[in-house]
Every structure is written in structure tokens, then in C-alpha cells.
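These notes are about the structure you will find just below.
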Amino acid sequence: WVELKRHRHIRRPTNVSQLHPFWLKIAFGRSLFLSCLADGWPQPSISWTLPNGVTLDKPQSIARVTVFTNGTLLLRHAATFDKGTYTCRAANPYGTAFASYPVVVTVHPPRISSALSSVTRVLRGTAVTLPCTASGVPQPEISWTLPGRTTIFPHNRYAVHGGCLQYTLMESQRRS
């Protein structure tokens, strides 16, 4: 905020407000907003230094990172290489103030959360659906492999929808 008075006093930037806890955790693929609020006269200019050493002034946008006119930094689609310390710098001709935000990007390995028993019986000529539900960050892709290590691709006997395998055992097939 800026307060205008008849007799302005020169002030260096004071304590940049840190509105976040010490360590910030952001899930892989999510967006992160970091605020940088500073007081001083004349109004301090805001810049951000990223973990890779790149400095952005407001307003500015590079790839997935934007610094808005109010000093807020936006990181879109966080990836593991975005981890590190983000530093806000508020400066005017009479001084400088800093605030640092260490950021960790969390990733969760794939985990299958639903599975069938080891044996599923089906009559020849009928279709069977084998469900598979998996979770993780980023969201895992599900693929199916036959016992002979052949990966299944959709065709007239196989279909994969949302991770579920639909398979039709033909009358003429002896074993599948």
C-alpha cells in the first residue's frame, strides 16, 4: 500500500511480507502462487529470482512463470526441476529487502489400487473385462501385457478403455 502525505518521508523497503510457511510443497503438475508485498517510499520495485538464477521483473512472463504487476509470481504446471528457492527482492533507491521461499515438488510413484484375483475364468466367445485402477503423480498410463511379454494394442479382440482391458476369447482359440 502507498500512503500519500503532504510531507513525504523517504523510507527504504521494510520487511517483505512472507505469506507462506517455510517449506512450500506443490504437487507435480499443479500451479503455485507466491506473493511479495513490500512497503517503502518511494514504492519499491519487485523482482523474483528463480532457483535456476533467472531474475524476472514485474510484469514479465517467461515460459511457465509469470510475475504480475502486484508482485505475485505464478508457476504453472510444476515439475521436479522447479524445486529450489524462489527469492522476492523489493528495492527502491534507499534500500533492499528480501524474502525467500524454498519449494519442493512432490511426486507420487504409480500404485495399482484395484486388481483381480490371480485366476479369472471365462467361456469361449464371451467378453471379459479386467479392471485396473492406478494412481500417482503424474497420473500413470495403464498398459496391458500378455504372459509372453506381448503388449496388448487395441484390435478386433482387445479394447482398452480407461485402463480396463476388454478381451473376447474366440471359439477357435485353444489358449489365450
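Residues 1 to 176, numbered by UniProt numbering, are exactly what the sequence shown covers, in order.
Think of the CB as a built atom: it goes at the ideal place given N, C-alpha and C, for glycine as much as any other residue.
The C-beta separation of S47 from L34 comes to about 13 Å, leaving the pair out of contact by the 8 Å criterion. In the displayed model, F81 falls within a helix according to three-state DSSP. Below 8 Å, too few C-beta pairs join the segment 119-133 and the segment 35-54 to call them touching: fewer than three.
Contact check for Q166 against T129 passes: the beta carbons are separated by less than 8 Å. Taking a contact as a CB-CB distance under 8 Å, the pair S135 and R111 counts as one, their CB atoms being some 6 Å apart.
Taking every protein chain shown into account, the CB of V54 has fewer than 16 other CB atoms within 10 angstroms, so this residue is exposed. Cβ-Cβ distances below 6 Å link T49 to T55 and T87 in the same chain, with the five nearest sequence neighbours on each side left out; the list follows chain order.
E141 and Y101 have their C-alpha atoms roughly 33 Å apart. In this structure, the straight-line span from the alpha carbon of P109 to that of V65 is close to 26 Å.
For the options A99, P147 and V137, the alpha carbon positioned closest to that of D39 is the one of A99. Counting along the chain, the unbroken beta strand (DSSP E) around Q60 starts and ends at Q60 to I62.
For G148, the number of other beta carbons within 10 angstroms of its own is below 16, and it is reported as exposed. Counting the other Cβ atoms within 10 Å of the Cβ of G71 gives 16 or more, which makes it buried.
Residue burial annotation: A97 is buried, with at least 16 other C-beta atoms found within 10 angstroms of its C-beta. Counted as a single uninterrupted DSSP element, the beta strand (DSSP E) harbouring Y101 occupies residues G95 to T106.
The beta carbon of P51 sits closer than 8 Å to the beta carbons of D82, K83, G84, T85, Y86 and V103 from its chain, once the five residues preceding and following it are set aside; these are given in chain order. At a Cβ-Cβ threshold of 8 Å, P131 and C164 count as neighbours.
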